[in-house]
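Before any comments, here is the structure.
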Amino acid sequence: MFLLLFFLFFTTLLFWNFVWKRKGLPPGPIPLPIFGNAFSINNSIYEQFQIWAKEYGPVYTIWLGEDPTVIVTDYEIMRDLFVKEGDVYAGRNFLVDLFKTFSAAKGDYGGVSRTEGDPWKVMRRFGLTSMRNLGVGRAGLEKHLLEDMERFIEQIKEEILEYGEYNVDLHKKIDRLAGSTVNRVIFGYPFEDEQMSDFYELKQHMEEQAFLLSSVTGHMLMKQTPEERGEPNDLLDCFLDQIEAGKSEYFSLRSITPFCFDLFLAGEETTSVTISYLILYLILDQRVQSKMHEELDRLEEEKGRNGSDNSVTQADRGKLPFLNAVINETQRVCNLLPLNLTHRTMADAQILGGKYHLRKGISIIPQISCVLFDEKIFPNPLRFEPERFLDDQGQLKRIEEFIPFGLGKRICMGESLAKTELFLFTANFFRNFQVLPVDPLHPPSSEKIGGFIVKHHNYNCRIIVRTRKES
């Protein structure tokens, strides 16, 4: 009797696991009971998603435990779902374990990345409008960024003058610079040298989020009334003004911290790692670096003839197509998110012409890495080739499938700030410096280290001050 019951239970479990629970969903690798496909996902997550796409098609289902997640790997299908039907797929799987500090509290609307529906719409609209009003992406912020960049460059030049041979791990310096920029946008001030301990403490406690909470609280105590604050100079001022106005339940002292945390986490880490990758790729490819230097020298010669300031500004962006191509190719190849943030359906949906049915609340991921590494769009996708972003006349060309910031309703809110930082840093840093491997026989590795954000191995580089023709 026991054996019969066990056999029936086991047969039912197999039928449920292999047939019934997968009914109506796109095909995919067979999940194990309880564990799903967890054991199939390893550090080579990019490759695994591509392998599954070749086996099951551009849309397939994987199981994380007992929960199905639909993976979309084709750009055209992504556009149909996340752009044309964006409202249906704009939900968010809340990643409770990752953001547990902010879960569960009543009335605590968790920023932008972890919310959906009306709270998300209100917070996102507020963030975009406020950043635009504060001058993000325009001359208003550019002036401050160039000042920070000039200090960064002068500090390196002073250290080269003092030490002569200058071999350094630049990532910490870049991390500080990116953190200072984001801090300026959110809290209204950059990190000065005497405040760097604050920055490192923030980085150390980012997961617990405790330091950011105290930073926000302290800043609010210094700016208690609208009269004391005056015109808003940063996002925190703008947020406090919304609280004072009392027009929306979504703006409160409880929701201000996750909002600021979202912006800091998204804007600081991704930008600094991308810049570090760009320097790494140019250490490994001196041809590309030399070509970029030549383009910068031509611009400087032109600016000198016109009696202009030699700092490179966003107004010069159109005159530097190859430099922009280098930035684009860096973002494509480094591909920072191995697993994109999970969306979920806000209503029942049909995909691929009604072939599959997705119930309301199911998790779905637009896997951007599969698009950025699609060999039909980007031949030899693992090679660093900035020229793929140039047309026959050497001008920057738009590639629709180049979507490092995502697409649709959930496209990265900090895209404008990130593009500004990447351009101003790359142009002004390489206008002044050449980077070389410390040991040409043993150049640094470009191997990726897996994580929530993909990183590179630590590396030192040799920095040389460039000598340019006098204009």
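Under mature numbering (1 follows the signal peptide of the UniProt record, and there is no 0), the letters of the sequence shown match residues -21 to -1, 1 to 450, in that order.
The beta-carbon is built from N, C-alpha and C at its ideal position, and this holds for glycine as well.
Cα separation between Leu11 and Ile341? 19 Å
Nearest-angstrom Cα distance between Ile330 and Asn437? 43 Å
Drop a sphere of 10 angstroms on the beta-carbon of His421, count the other beta-carbons inside from all chains shown, and report buried for 16 or more, exposed for fewer. exposed
With DSSP run on the structure shown, which of helix, strand or coil describes His322? strand
Identify, in the order they occur along the chain, each residue of the same chain with its Cβ nearer than 6 Å to the Cβ of Lys339, setting aside the five sequence neighbours on each side. Thr324, Ala326, Asp327
Identify, in the order they occur along the chain, each residue of the same chain with its Cβ nearer than 8 Å to the Cβ of Leu278, setting aside the five sequence neighbours on each side. Val291, Asp295, Lys298, Leu299
Which two residues bound the contiguous alpha helix (DSSP H) that contains Ala32? 24 to 35
Kindly indicate which three-state DSSP category Ala84 falls into: helix, strand or coil? The predicted model places Ala84 with a pLDDT of 45, which falls under 50 and marks its position as unreliable, so this point remains unresolved.
Pull up the DSSP beta-bridge partners for residue 454, would you. What the structure shows of the chain is the stretch from -21 to 450, and residue 454 is not part of that stretch, so it cannot be assessed.
Residue nearest to Leu214 in terms of C-alpha spacing, selected from Phe170, Lys226, Arg163: Arg163
Measure the alpha-carbon distance for Gly430 versus Asp53 and round it to whole angstroms. 23 Å
Tell me which same chain residues have a C-beta within less than 8 Å of the C-beta of Pro416, skipping the five on either side of it? Ile262, Leu263, Pro422, Pro423, Cys440, Arg441
Cross-strand partners of Ala328 (DSSP beta bridge): Leu337
Among Leu315, Cys239, Ser227, the one whose alpha carbon lies nearest that of Ile254: Leu315
Which partner residues does Asn146 have in the DSSP bridge list? Arg441
Length-filtered (4 minimum) alpha helix (DSSP H) runs lying within the segment 230 to 306: 235 to 243, 249 to 263, 265 to 284
Does the segment 124 to 136 touch the segment 405 to 414, meaning 3 or more C-beta pairs lie closer than 8 Å? yes
What's the C-alpha gap between Arg104 and Ile222? 15 Å
For the putative contact between Leu60 and Gly246, defined by C-beta atoms under 8 Å, what is the C-beta separation to the nearest angstrom? About 27 Å separates the two Cβ atoms, so there is no contact after all.
Just to check my reading of the structure: Ile56 and Asn16 have Cβ atoms closer than 8 Å, yes? What is that Cβ distance to the nearest angstrom? Incorrect: roughly 21 Å between the Cβ atoms, too far for contact.
Once the 5 residues before and after Asp97 are set aside, which same chain residues still bring their CB inside 8 Å of it? Tyr229
When the distance is taken between beta carbons, is Glu308 closer than 9 Å to Phe368? yes
Write down the C-beta distance between Ala69 and His322 rounded to the nearest angstrom, noting that I regard them as a contact closer than 8 Å. 7 Å
Nearest candidate by alpha-carbon position, reference Asp418, set Lys388, Asn146, His435: Asn146
When the Cα atoms are used, what is the spatial distance from Leu43 to Arg93? 19 Å
Quick one: using the 10 Å Cβ neighbour count with 16 as the cut-off for buried, is Arg71 buried or exposed? buried
Following the continuous beta strand (DSSP E) through Thr40, name the residue where it begins and the one where it ends. 38 to 43
Beta-bridge pairing of Lys427 - partner residues as DSSP gives them: His435
When burial is assigned at 16 or more other CB atoms within 10 Å of the CB, is Thr399 buried or exposed? buried
Buried or exposed: Lys427, going by 16 or more other Cβ atoms within 10 Å of its Cβ? buried
Taking 8 Å as the cut-off, does the segment 229 to 241 touch the segment 135 to 145 (at least 3 CB pairs, one atom from each stretch)? no
In chain order, what residues of the same chain have a beta carbon less than 8 Å from the beta carbon of Phe14, not counting five sequence neighbours either side? Gly44
Assuming Pro416 is part of the beta strand (DSSP E), what are its boundary residues? 412 to 416
Could you tell me the boundaries of the alpha helix (DSSP H) in which Cys217 lies? 214 to 224
Cβ distance (whole Å) where Ile443 is taken to contact Phe404 below 8 Å: Actually they are not in contact, since the Cβ atoms of Ile443 and Phe404 sit about 18 Å apart, beyond 8 Å.
I need the straight-line Cα distance from Ala157 to Asp148, nearest angstrom please. 16 Å
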